[in-house]
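Remarks on the structure that follows.
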């Protein structure tokens with residue numbers, strides 16, 4: 001098969017479409033003929049040499065795919081050849097085929113094109129597990145989402161609104177802010193011009209920045225608030241005023257999804273199919289696709305992500 005290889009650490013030019021060995025599915029695996037994958041920030045970090053795949057994972061980038069089941073291994077009862085599916089991966093999505101544990105495979109929601117479905121697994125599992133399972137967002141509460149125009153941000157806005165929450169996002173321009181308001185956000189803060197901690201008081205904060213926003217996030221939390229940190233784009237280390245945190249009886253959680261055991265990912269996937277897929281089936285939540293490029297043009301897709309000008313997901317289509 002062909003796949004995108006990271007030939008060395010560096011810029012988008014290090015991504016090359018090459019002939020590579022076919023995946024070898026094991027017991028309990030589903031072999032998928034890939035229709036599309038999607039670009040995530042983790043792929044960019046891996047390309048730069050800053051985020052290595054978990055032990056045993058494919059070396060090729062790509063944390064989600066959609067496609068058609070080509071074959072199933074022993075002990076797989078829920079899927080069969082010919083099924084249209086999407087899947088959460090530990091790596092290997094930028095390829096013509098991928099083998100993935102059946103627990104991480106999902107049916108394509110109704111009304112979603114097969115290629116579009118590639119943009120759902122990572123954002124749906126990330127948002128549901130962090131904002132709802134861990135952050136316990138409830139109807140009437142306020143969610144603050146940093147990076148509101150990203151794939152995760154655009155999905156979090158729609159899902160939180162579908163569950164009756166108020167949603168505020170941070171964005172880098174008014175143009176992006178207005179686009180995210182069209183998806184349901186109640187308000188936005190332009191982080192280039194305003195201090196979000198002075199503008200927002202939130203029950204739950206979904207943060208991709210890490211160190212740079214830690215103090216501001218704690219200031220922005222309401223009493224009993226929950227801060228969930230899922231990224232470190234703003235650095236790894238910061239000083240935390242525990243007095244402020246304790247006075248608010250607030251909590252700080254740090255999580256990742258990629259390296260979790262299959263059983264944990266499977267539990268998240270099942271919960272997503274049960275709680276999120278019906279909203280997509282009903283049209284209340286939709287994948288937001290900025291662009292679709294041929295998979296062989298992964299380098300150009302990474303340049304688009306690096307520019308930061310996109311809203312939603314960038315797909316790589318076979």
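Residue numbers (full-length UniProt numbering): 1 to 318. Using N, Cα and C, we set each Cβ at its ideal position, and we do this for glycine too. Since this is a predicted model, take the numbers as computed values, not measurements.
Looking at the backbone, the Cα of residue 226 and that of residue 236 are separated by about 19 angstroms. When DSSP states are grouped into helix, strand and coil, residue 78 belongs to the coil group. With a minimum length of 4 residues, there is no unbroken run of alpha helix (DSSP H) contained wholly in the stretch 63-120. In this structure, the straight-line span from the alpha carbon of residue 100 to that of residue 120 is close to 16 angstroms.
With 16 or more other Cβ atoms inside 10 Å of its own Cβ, residue 47 counts as buried. The DSSP-derived three-state label of residue 270 is helix. DSSP places residue 146 in the uninterrupted beta strand (DSSP E) bounded by 142-146.
Residue ranges of uninterrupted alpha helix (DSSP H) with 4 or more members, entirely inside the stretch 203-289 and ordered along the chain, are 214-220, 242-247, 262-275 and 277-281. In the three-state reduction of the DSSP assignment, residue 39 falls in the coil class, being assigned neither a helical nor a strand state. Between residue 67 and residue 98, the C-beta gap is smaller than 9 angstroms, which places the two residues in contact. Residue pairing by DSSP places residue 294 opposite 317 in a beta bridge. The DSSP-derived three-state label of residue 18 is strand. For residue 179, the enclosing alpha helix (DSSP H) starts and ends at 174-182.
For the pair residue 203 and residue 216, the CB atoms are not nearer than the 9 angstroms cut-off. CA-CA distance, residue 205 to residue 288, rounds to 21 angstroms. Of the residues 220, 109, 29 and 257, the one whose Cα lies closest to the Cα of residue 245 is 220. Nearest neighbour of residue 20 by Cα position, chosen from 285, 32 and 4, turns out to be 4.
Boundaries of the beta strand (DSSP E) harbouring residue 170: 166-171, taken from the DSSP string.
In this structure, residue 103 sits away from residue 313, with a CB-CB distance that is not shorter than 9 angstroms.
Counting C-beta atoms within 10 angstroms of its own C-beta, residue 52 has fewer than 16 neighbours from the protein chains shown and is therefore classed as exposed. Across the structure, residue 213 and residue 193 are spaced so that their CA atoms are roughly 15 angstroms apart.
Taking 9 angstroms as the cut-off, the Cβ atoms of residue 176 and residue 311 count as close. The continuous stretches of beta strand (DSSP E) do not include residue 197, which lies in the alpha helix (DSSP H) extending over residues 196-199.
In the DSSP assignment, residue 189 falls outside any alpha helix (DSSP H) and within the unbroken beta strand (DSSP E) covering 187-190. Residue 308 sits exposed, since fewer than 16 C-beta atoms from the chains shown fall within 10 Å of its C-beta. Annotated three-state conformation of residue 5 is strand, per DSSP. For residue 137, the secondary structure class from DSSP, reduced to helix, strand or coil, is coil. Excluding sequence positions up to five before and after residue 142, its CB lies within less than 8 angstroms of the CB of 165, 166, 167, 168, 200, 201, 202, 203, 204 and 222, all in the same chain and listed in chain order. Between the stretch 254-262 and the stretch 278-295, the count of C-beta pairs closer than 8 angstroms stays below three; the two stretches do not touch. The beta carbon of residue 185 is closer than 6 angstroms to those of 157, 167 and 169 in its chain, skipping five residues each way along the sequence. Boundaries of the alpha helix (DSSP H) harbouring residue 153: 151-162, taken from the DSSP string. Taking C-alpha positions only, residue 114 is separated from residue 152 by approximately 19 angstroms.
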